[in-house]
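With the first letter of the sequence shown counted as 1, position 280 gets the number 286 in this note's numbering; the numbers rise by one all the way through.
Some notes on the structure that comes next.
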Amino acid sequence: MNSIFTGISELYTPTERLTQAALAVSEGEIVWLGPESALPESYRGWPTTGLGERGVLPGLVDSHTHLVWAGDRLEEYLRRARGESYEAILLAGSGIHQTVSATQQASEDELYELAQARARVLLQGGVTALEVKSGYGLSLEHELKMLRVIRRLRQAGPQRITATLLAHVIPSGVKRDGYLEMFTTELIPEVARTGLAEALDVFIDEGAFSVAEGRRVFEAARRHGLAIKGHAEQLTHTGATRLICELGGLSADHLEQATEQDWRALAGSGTVGTLLPLAALLLRKPFPEARAMWDLGVKVAVATDHNPGSSPLFSLLLALQLTVALGGLSVEEALVAGTRHAADALGQVCWGRLTPGAVADFVVVDGPQALTPLYHWGHAPIAGVYVAGRPVMAVR
Ligand SMILES: [Zn+2]
Numbered sequence: 007m008n009s010i011f012t013g014i015s016e017l018y019t020p021t022e023r024l025t026q027a028a029l030a031v032s033e034g035e036i037v038w039l040g041p042e043s044a045l046p047e048s049y050r051g052w053p054t055t056g057l058g059e060r061g062v063l064p065g066l067v068d069s070h071t072h073l074v075w076a077g078d079r080l081e082e083y084l085r086r087a088r089g090e091s092y093e094a095i096l097l098a099g100s101g102i103h104q105t106v107s108a109t110q111q112a113s114e115d116e117l118y119e120l121a122q123a124r125a126r127v128l129l130q131g132g133v134t135a136l137e138v139k140s141g142y143g144l145s146l147e148h149e150l151k152m153l154r155v156i157r158r159l160r161q162a163g164p165q166r167i168t169a170t171l172l173a174h175v176i177p178s179g180v181k182r183d184g185y186l187e188m189f190t191t192e193l194i195p196e197v198a199r200t201g202l203a204e205a206l207d208v209f210i211d212e213g214a215f216s217v218a219e220g221r222r223v224f225e226a227a228r229r230h231g232l233a234i235k236g237h238a239e240q241l242t243h244t245g246a247t248r249l250i251c252e253l254g255g256l257s258a259d260h261l262e263q264a265t266e267q268d269w270r271a272l273a274g275s276g277t278v279g280t281l282l283p284l285a286a287l288l289l290r291k292p293f294p295e296a297r298a299m300w301d302l303g304v305k306v307a308v309a310t311d312h313n314p315g316s317s318p319l320f321s322l323l324l325a326l327q328l329t330v331a332l333g334g335l336s337v338e339e340a341l342v343a344g345t346r347h348a349a350d351a352l353g354q355v356c357w358g359r360l361t362p363g364a365v366a367d368f369v370v371v372d373g374p375q376a377l378t379p380l381y382h383w384g385h386a387p388i389a390g391v392y393v394a395g396r397p398v399m400a401v402r
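As structure tokens, this is what we get:
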């Protein structure tokens with residue numbers, strides 16, 4: 007199917023800005039973009055959609071979410087707001103463990119309905135692609151159940167979804183070595199065999215996995231052809247970032263406690279540094295040094311870290327705005343962090359950008375200025391969303 011989109015007052019690719027632009031799309035991919043006046047003759051007969059002199063942005067990419075969960079953590083949220091620490095609540099057996107128990111008890115259908123509704127909210131905020139992690143199952147059976155839910159989300163669409171197997175924490179009452187043995191010799195091979203995830207993530211931190219344990223899990227994942235990424239330097243500094251860079255990981259995520267040495271490792275390896283602003287704020291951790299990392303050459307991405315505990319965030323735009331206000335990125339850089347760099351963090355170099363050969367996933371802004379969604383806080387002025395050149399949220 008071929009189509010032309012005209013009536014674009016302003017478009018960000020995201021690294022370049024075009025005005026009075028047109029897009030040519032064939033079979034869901036961009037085949038041409040440029041000034042409308044320069045549209046090649048060969049495309050002029052294609053069916054044309056006028057976008058009404060509106061701005062266009064690449065579809066946003068949320069490269070770090072824990073979208074599949076049951077129960078809620080409102081009580082914990084209230085306690086933390088009164089000053090109790092996340093770590094103390096976790097060590098007392100609540101926190102993540104509460105979500106694990108609710109998620110284990112929930113059926114696959116229940117988890118699917120819950121996650122699909124959340125994905126819908128992200129879509130209304132311009133997110134056309136996202137990564138979803140397992141990690142609240144904590145057993146072979148329940149981790150596979152979570153990954154099957156993610157597969158259903160992917161099959162149902164409309165968003166593009168990548169699945170990540172997450173080694174989150176050691177379940178309470180289970181021996182560390184036994185759990186690691188199960189994870190590396192049963193779960194990872196089964197996930198690789200069934201294609202239920204393309205990547206593996208380890209939460210390396212105090213109260214979760216050590217760097218040595220992380221290495222063991224990453225190496226098992228690599229042997230089975232899974233890409234690797236990790237939760238790194240969130241609560242404490244562990245050296246996880248340098249491990250992930252050394253192993254050629256896609257991204258090291260969080261980085262609240264990362265040092266300049268870690269930033270240099272990221273810049274040198276090309277591993278994306280993914281920042282999760284709301285988790286830093288709600289857990290009262292240092293806000294990630296987005297500006298300094300960017301200036302050192304780190305490919306900085308920003309994601310919601312959507313989860314019921316540390317980041318109950320349903321808006322990637324808000325995460326980008328926080329990174330501008332508190333992390334020192336320019337608005338244009340934040341857009342790159344939430345599109346192109348985020349796609350790179352998923353190993354998807356044809357997502358998150360509007361260039362020939364990339365997927366035709368884009369956001370039609372409700373107004374002529376394309377950056378307005380990053381300017382209006384708390385309300386996304388979005389008129390429509392397209393995935394593969396087809397409207398998945400109608401243009402108003
Ligand atoms: Zn996370």
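C-beta atoms are modelled at their ideal positions from N, C-alpha and C, and glycine is treated no differently.
Backbone secondary structure at residue i - three-state DSSP
i, result
"residue 320", "coil"
"residue 52", "coil"
"residue 38", "strand"
"residue 165", "coil"
"residue 403", "Look at the range of the chain in this structure, 7 to 402, and you will see that residue 403 is not part of it."
"residue 59", "strand"
"residue 185", "helix"
"residue 376", "coil"
"residue 382", "coil"
"residue 115", "helix"
"residue 7", "coil"
"residue 253", "coil"
"residue 268", "helix"
"residue 195", "helix"
"residue 283", "helix"
"residue 215", "strand"
"residue 15", "strand"
"residue 83", "helix"
"residue 151", "helix"
"residue 142", "coil"
"residue 230", "coil"
"residue 127", "helix"
"residue 220", "helix"
"residue 23", "strand"
6 Å CB neighbourhood of residue i in its chain, flanking five on each side removed
i, result
"residue 172", "139, 140, 141, 207"
"residue 13", "56, 57, 58, 59"
"residue 152", "74, 140, 143"
"residue 194", "226, 227, 230"
"residue 185", "176"
"residue 256", "233, 235, 351, 353"
"residue 398", "164, 391"
"residue 335", "296, 329"
"residue 303", "273"
"residue 393", "134, 164, 367"
"residue 95", "82, 101"
"residue 25", "16"
"residue 174", "141, 209"
Reference residue i; option with closest CA among the options
i, options, result
"residue 167", "399, 291, 71, 175", "71"
"residue 273", "263, 258, 282, 262", "258"
"residue 356", "250, 134, 112, 86", "134"
"residue 324", "385, 342, 368, 92", "385"
"residue 16", "28, 295, 296, 305", "28"
"residue 92", "290, 43, 266", "290"
"residue 341", "19, 136, 205", "19"
"residue 11", "205, 50, 155, 199", "50"
"residue 148", "112, 280, 137", "112"
"residue 150", "21, 126, 125, 188", "188"
"residue 183", "68, 219, 47, 30", "219"
"residue 52", "31, 309, 110, 69", "31"
"residue 364", "26, 39, 24", "39"
"residue 114", "281, 154, 45, 339", "154"
"residue 127", "181, 281, 66, 44", "66"
Sequence-distant residues of its chain with Cβ nearer than 8 Å to residue i (five each side left out)
i, result
"residue 292", "262, 263, 286"
"residue 157", "169, 202"
"residue 162", "122"
Below-8 Å beta-carbon distance, residue i vs any chain D residue
i, result
"residue 88", "The structure shown contains no chain D; it holds only a single protein chain."
Own chain partners of residue i with C-beta closer than 7 Å, once the 5 adjacent residues on each side are dropped
i, result
"residue 387", "371, 372, 373, 378, 379"
"residue 361", "19, 36"
"residue 78", "314"
For the pair the segment 282-293 and the segment 320-329, tell me if three or more CB-CB distances fall below 8 Å. Counting Cβ pairs under 8 Å, three or more are found: they touch.
Quick check: the segment 370-388 against the segment 110-119, are there 3 or more CB pairs under 8 Å? The segment 110-119 and the segment 370-388 do not touch, with fewer than three beta-carbon pairs separated by less than 8 Å.
Taking one C-beta from the segment 25-38 and one from the segment 344-351 each time, how about it: are there three or more such pairs within less than 8 Å? Flag = no, the segment 25-38 and the segment 344-351 do not touch.
Given 8 Å, three or more beta-carbon pairs between the segment 265-282 and the segment 104-114: No, the segment 265-282 does not touch the segment 104-114.
Three-pair Cβ contact test at 8 Å for the segment 206-220 versus the segment 229-244: Taking 8 Å as the limit for Cβ pairs, the verdict is that the segment 229-244 does touch the segment 206-220.
On the three-pair Cβ rule with 8 Å, is the segment 307-323 touching the segment 79-92? The answer is yes - the segment 79-92 touches the segment 307-323, with three or more Cβ pairs under 8 Å.
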